[in-house]
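Asks: Residue numbers (my numbering): 27 to 268.
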Amino acid sequence: MSIYQNKITLSHIKKSFGTAEILKDISLEVKEGQVVALLGPSGSGKSTIFNLITGLIVPEEGTIDVNGKVGYMYQNDTMVPWKKVIDNIALPLRFQGMKKREAREKVVGYLDTFGLLGYEDKYPGMLSGGMKQRANFLKTYLTSGDIILLDEPFGALDSMTRKKMQSWLLSVTKEMGATILLITHDIEEAIFLADKVYVLSDKPATILGEVQVAFDAERTEATLLEERFLLYKKEITDILQS
27 MSIYQNKITL
37 SHIKKSFGTA
47 EILKDISLEV
57 KEGQVVALLG
67 PSGSGKSTIF
77 NLITGLIVPE
87 EGTIDVNGKV
97 GYMYQNDTMV
107 PWKKVIDNIA
117 LPLRFQGMKK
127 REAREKVVGY
137 LDTFGLLGYE
147 DKYPGMLSGG
157 MKQRANFLKT
167 YLTSGDIILL
177 DEPFGALDSM
187 TRKKMQSWLL
197 SVTKEMGATI
207 LLITHDIEEA
217 IFLADKVYVL
227 SDKPATILGE
237 VQVAFDAERT
247 EATLLEERFL
257 LYKKEITDIL
267 QS
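What follows is the structure, encoded as structure tokens:
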């Protein structure tokens with residue numbers, strides 16, 4: 027039996043909107059400290075799973091158990107253009123009733139870890155796409171407790187920036203000890219980032235397969251060329267084509 031507790035457990039979830047069945051018998055689990063990826067075609071219900079986890083919607087069948095406070099980082103940029111970076115990050119803390127000075131002080135404590143030191147007084151329009159995503163991620167982390175949901179976090183970035191951000195996310199996740207469930211359409215991204223990949227079918231979504239991912243050493247760009255990485259890629263591709 028694992029010493030790590032389940033942070034998220036979905037058991038036999040069914041969800042429809044009107045006559046359209048979106049999710050059919052979805053069961054998955056995310057353990058403490060894991061990065062788990064949901065991989066599947068567009069419109070397959072991955073975002074619906076996130077909305078169920080956050081309690082925005084409820085299932086018709088099945089049970090959901092969330093053991094922790096959840097933060098949800100949406101795919102779209104949520105930075106307010108007329109506020110400085112530090113105040114954008116602090117915004118959710120202010121909504122929770124924290125005073126401006128206290129919220130800023132809390133943000134400052136994480137700027138170095140998230141690679142934002144020196145950018146706190148800039149405005150969002152002055153940041154690159156990667157820097158904006160770092161700021162959005164910190165904003166989500168500060169209000170999430172220990173569970174973070176990432177919806178295509180790097181989908182809008184160019185290929186080179188995306189790879190850098192993937193490596194950065196791995197290092198920050200390890201340092202912060204966060205539990206992450208992420209949505210991606212990219213097989214390589216799922217393998218590179220995740221400890222486990224759930225492969226979803228098209229609607230109504232079912233779990234086609236579950237792939238445990240492990241490498242002998244810390245993941246770097248060289249990992250993408252390893253034989254084991256290519257074997258994982260083939261395994262997932264075969265599941266999607268089955």
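Glycine residues also receive a C-beta, built at the ideal position from the N, C-alpha and C atoms.
Predicted, not measured: the structure shown is a model, and the values here were computed from it.
1) So V198 packs on A63, CB below 8 Å; how close in whole Å?
2) Considering Cα atoms alone, identify which of Y100, D138, S154 is closest to M202.
3) Please classify M157 as buried or exposed, where buried requires at least 16 other C-beta atoms within 10 Å of its C-beta.
4) Using CA atoms only, rank isn't needed, just tell me which of D212, K109, Y167 is closest to G94.
5) Does the Cβ of T45 have 16 or more other Cβ atoms within 10 Å, making it buried, or fewer, making it exposed?
6) L219 and V61 look like a contact to me (Cβ under 8 Å); what is the Cβ gap, rounded to whole Å?
7) Put L168 into one of helix, strand or coil per three-state DSSP.
8) Between I209, V56, K165, which lies nearest to R130 when the distance is taken from Cα to Cα?
9) Give every residue of the same chain whose Cβ lies closer than 7 Å to the Cβ of D221, excluding the five residues on either side of it in the sequence, and list them in chain order.
10) Taking only the alpha-carbon atoms, compute the straight-line gap between T89 and S68 and give it to the nearest angstrom.
11) Please identify the residue among K259, M99, K109, F180 whose C-alpha is closest to the C-alpha of Y145.
12) Let me confirm a value: E215 is counted as buried when at least 16 other C-beta atoms fall within 10 Å, else exposed. Which label applies?
13) If I75 and I52 are in contact, beta carbons under 8 Å, what's the gap, nearest whole angstrom?
14) Within 7 Å: the Cβ of E55 and any heavy atom of the ligand MN?
15) When the cut-off is 8 Å and only beta carbons count, does G59 lie next to chain C?
16) What residue ranges within the region 218-268 form continuous alpha helix (DSSP H) runs of no fewer than 4 residues, ordered along the chain?
17) Can you tell me whether K125 is buried or exposed, with buried defined as 16 or more other CB within 10 angstroms of its CB?
18) Identify, in the order they occur along the chain, each residue of the same chain with its Cβ nearer than 7 Å to the Cβ of D184, setting aside the five sequence neighbours on each side.
19) May I ask you to report which of helix, strand or coil DSSP gives Y98?
20) Pull up the distance between the alpha-carbon of I173 and that of L251, whole angstroms please.
21) Which one or two residues does DSSP pair with V62 in a beta bridge?
22) Just curious, the beta strand (DSSP E) that G88 is in, first and last residue?
23) Tell me whether M27 sits in a helix, a strand or coil according to DSSP, three-state version.
24) Could you tell me the distance, in whole angstroms, from the CA atom of L142 to the CA atom of G151?
25) Would you report the Cα separation of D242 and F255, rounded to the nearest angstrom?
Replies: For this structure:
1) In the sequence shown, the residue the question calls residue 198 occupies position 172. In the sequence shown, the residue the question calls residue 63 occupies position 37. The Cβ separation is near 17 Å, so there is no contact.
2) Residue mapping note: residue 202 aligns to position 176 of the sequence shown, counting from 1. Minimum Cα distance to M202 is reached at D138.
3) Locating residue 157 in the sequence shown gives position 131, counting from the first residue. Residue burial annotation: M157 is buried, with at least 16 other C-beta atoms found within 10 angstroms of its C-beta.
4) Counting from 1 along the sequence shown, the entry for residue 94 is found at position 68. Closest option to G94, judged by alpha-carbon separation, among D212, K109, Y167: Y167.
5) Counting from 1 along the sequence shown, the entry for residue 45 is found at position 19. Exposed, by the Cβ-count rule.
6) Here residue 219 refers to the residue found at position 193 when the sequence shown is read from its first residue. Here residue 61 refers to the residue found at position 35 when the sequence shown is read from its first residue. Indeed they touch by this definition, with Cβ atoms about 6 Å apart.
7) Working through the sequence shown from its first residue, we reach residue 168 at position 142. Three-state DSSP puts L168 in a helix.
8) Here residue 130 refers to the residue found at position 104 when the sequence shown is read from its first residue. Nearest of I209, V56, K165 to R130, Cα basis: K165.
9) Your numbering for residue 221 matches position 195 in the sequence shown. Only Q60, V61, V62, V239 meet the Cβ criterion.
10) Indexing the sequence shown from 1 puts residue 89 at position 63. Indexing the sequence shown from 1 puts residue 68 at position 42. For T89 and S68, the distance between alpha carbons rounds to 25 Å.
11) As a working note, residue 145 is residue 119 in the sequence shown. If we check each option's Cα against that of Y145, K109 comes out closest.
12) Counting from one through the sequence shown, the residue named residue 215 turns up at place 189. E215 comes out buried.
13) Position 49 of the sequence shown holds residue 75. Position 26 of the sequence shown holds residue 52. Indeed they touch by this definition, with Cβ atoms about 7 Å apart.
14) In the structure on display, the ligand MN does not appear, and there are no ligands present to speak of.
15) Among the chains in the structure shown there is no chain C, since it carries only a single protein chain.
16) Those alpha helix (DSSP H) runs which fall completely within the region 218-268 and span 4+ residues are 253-267.
17) Locating residue 125 in the sequence shown gives position 99, counting from the first residue. Flag for K125 reads exposed.
18) Within the sequence shown, numbered from 1, the residue matching residue 184 stands at position 158. Closer than 7 Å at Cβ, skipping near neighbours: no residue.
19) Sequence index remark: in the sequence shown, residue 98 carries index 72 (1-based). The answer is strand: DSSP assigns Y98 an E or B state.
20) The residue labelled residue 173 in the question sits at position 147 within the sequence shown. The residue labelled residue 251 in the question sits at position 225 within the sequence shown. Rounded to whole angstroms, I173 to L251 spans 30 Å at the Cα level.
21) As a working note, residue 62 is residue 36 in the sequence shown. BP columns for V62 point to L207, K222.
22) Here the question's residue 88 lines up with position 62 in the sequence shown. 87-92 is the extent of the beta strand (DSSP E) around G88.
23) Indexing the sequence shown from 1 puts residue 27 at position 1. With a pLDDT of 38 at M27, under the threshold of 50, the modelled position of this residue cannot be trusted; read the value that follows with caution. In this structure, M27 counts as coil in the three-state DSSP scheme.
24) Sequence index remark: in the sequence shown, residue 142 carries index 116 (1-based). Sequence index remark: in the sequence shown, residue 151 carries index 125 (1-based). Whole-angstrom Cα-Cα distance: 15 Å.
25) Counting from one through the sequence shown, the residue named residue 242 turns up at place 216. Counting from one through the sequence shown, the residue named residue 255 turns up at place 229. Computed Cα separation, rounded: 11 Å.
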